[in-house]
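Asks: Residue numbers (our numbering): 11 to 253.
The C-beta atom is built at its ideal place from N, Cα and C for all residues, glycine as well.
So that we are looking at the same thing, I have put the structure below in structure tokens.
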Amino acid sequence: IIFGDIGFKNVVSTGNILAEDGTKMSKSKGNFTDPMINMDKFGSDALRYYLMASPVMQAEDVKFSDNEIKEVHGKIINILWNTFKFYDLYKQEYDGKTIAQNSDKVLDRWILAKLNLLISETTDNLEKYDTVKASRPIKDFASDFSTWYVRRSRERVKSADVVDKQFALATMREVLNELSKLIAPIMPFMAEAIYKGVGVGAKESVHLEEWAAFAEATPSQAKLIEEMEEVRKIVSLGLEARA
Numbered sequence: 011i012i013f014g015d016i017g018f019k020n021v022v023s024t025g026n027i028l029a030e031d032g033t034k035m036s037k038s039k040g041n042f043t044d045p046m047i048n049m050d051k052f053g054s055d056a057l058r059y060y061l062m063a064s065p066v067m068q069a070e071d072v073k074f075s076d077n078e079i080k081e082v083h084g085k086i087i088n089i090l091w092n093t094f095k096f097y098d099l100y101k102q103e104y105d106g107k108t109i110a111q112n113s114d115k116v117l118d119r120w121i122l123a124k125l126n127l128l129i130s131e132t133t134d135n136l137e138k139y140d141t142v143k144a145s146r147p148i149k150d151f152a153s154d155f156s157t158w159y160v161r162r163s164r165e166r167v168k169s170a171d172v173v174d175k176q177f178a179l180a181t182m183r184e185v186l187n188e189l190s191k192l193i194a195p196i197m198p199f200m201a202e203a204i205y206k207g208v209g210v211g212a213k214e215s216v217h218l219e220e221w222a223a224f225a226e227a228t229p230s231q232a233k234l235i236e237e238m239e240e241v242r243k244i245v246s247l248g249l250e251a252r253a
């Protein structure tokens, strides 16, 4: 009113965090776990991701569950850390000059296309202050990167084919470095550990880095993602039939 302008441009309003049975959390009832216990067990990044990806950030009430934090720790934190540790084992063998984007390997081009899509989606939703839609795709990407890309690149990294080995290492390096920037607002400690471990960035901290850049997805990238999805369905059906 005084300056003839609006007081704020965006508002983030949370809902209520309730006990697992849907009742109000109460000290006298003891119907909640001490947050420090959960952080000691699963880390603060798991707790932070769980809350930022939950409907409580959309002004809805949520029933707090220790098991869901455990699930975040197992399906996101551990998976990301294990993929980083695999790269960390072989990073000294990277030649320092191979560029991931120059690879003609379908697997490399696919994960880079998926990364570009993830950066675009996360950026768009964070700019809208929607932490739920910004956080949830990270879980799917972590699974894609670990169970499809890294698992199928293990032998490439260990192989005598120098060119293929270098492209696999360069791609992992690129993905982990850009991903560390992307998860920094959501999982700050994991982001810092990966950023420093990969050792690409010149900044003292990932939190001083420029935001991850992305380009508009091309028709060929969209087609590649779609075709890889089809391949994965076929593989899945084959595994089911064998089982």
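Classify Lys191: buried if its beta carbon has 16 or more other beta carbons within 10 angstroms, exposed otherwise.
Replies: buried
Asks: Using 8 Å for Cβ pairs, my map puts Val330 next to Ala201. What's the rounded Cβ distance?
Replies: Residue 330 cannot be examined here, being either before or after the span of the chain that is shown, 11 to 253.
Asks: Run the proximity test for Gln111: is its beta-carbon closer than 7 Å to any non-hydrogen atom belonging to the ligand HEM?
Replies: With respect to small molecules bound, the structure shown includes none, and the ligand HEM cannot be examined in it.
Asks: Looking only at its own chain, which residues have a Cβ that is under 7 Å from the Cβ of Tyr59, when we skip the five neighbours before and after it?
Replies: Val82, Ile86, Ser145, Ile196 and Met197
Asks: Between Thr108 and Phe177, is the Cβ-Cβ spacing less than 8 Å?
Replies: yes
Asks: Report the rounded CA-to-CA distance for Asp174 versus Asn88, giving the unit in angstroms.
Replies: 27 Å
Asks: Going straight from the alpha carbon of Ser75 to that of Asn26, what length do you get?
Replies: 13 Å
Asks: With Phe96 as the anchor, note down where its alpha helix (DSSP H) starts and where it stops.
Replies: Asn88 to Tyr100
Asks: At what residues does the alpha helix (DSSP H) containing Val116 begin and finish?
Replies: Val116 to Glu137
Asks: Kindly list the residues whose CB is nearer than 7 Å to the CB of Ser113, restricted to its own chain and excluding five residues on each side of it in sequence; keep chain order.
Replies: Hits under 7 Å: Arg119, Phe177 and Thr181.
Asks: So, is Thr141 buried or exposed, given that buried needs 16 or more other C-beta atoms within 10 angstroms?
Replies: buried
Asks: For Ser156, report the span of its alpha helix (DSSP H) as first-last.
Replies: Note, Ser156: premise wrong, no alpha helix (DSSP H); not H, not E.
Asks: In terms of DSSP beta bridges, what is Val4 paired with?
Replies: Absent from the model: residue 4. The displayed extent of the chain is 11 to 253, so no value can be given.
Asks: Have a look at Thr133 and Ala63 and give me their C-alpha separation to the nearest angstrom.
Replies: 15 Å
Asks: Could you tell me the distance, in whole angstroms, from the CA atom of Lys206 to the CA atom of Ser246?
Replies: 36 Å
Asks: Using only the alpha-carbon positions, how far apart do Lys95 and Glu78 sit?
Replies: 24 Å
Asks: Around the C-beta of Asn92, are 16 or more other C-beta atoms found within 10 angstroms, so that it is buried, or is it exposed?
Replies: exposed
Asks: Quick check: what's the CA-CA separation for Val72 versus Gly106?
Replies: 47 Å
Asks: Please list the segments of the alpha helix (DSSP H) lying wholly inside the region 40-70, counting only runs of 4 or more residues, in order along the chain.
Replies: Restricted to the region 40-70, the alpha helix (DSSP H) segments that are unbroken, complete and at least 4 residues in length are 45-52 and 54-62, listed in chain order.
Asks: Going by CA-CA distance only, name the one from Ala194, Lys34 and Phe52 that's closest to Leu136.
Replies: Selected option, being the one with the closest Cα: Ala194.
Asks: In or out: Asn8 buried (at least 16 other Cβ within 10 Å) or exposed?
Replies: The structure shown does not extend to residue 8, since the chain is modelled only from 11 to 253, so the question has no answer here.
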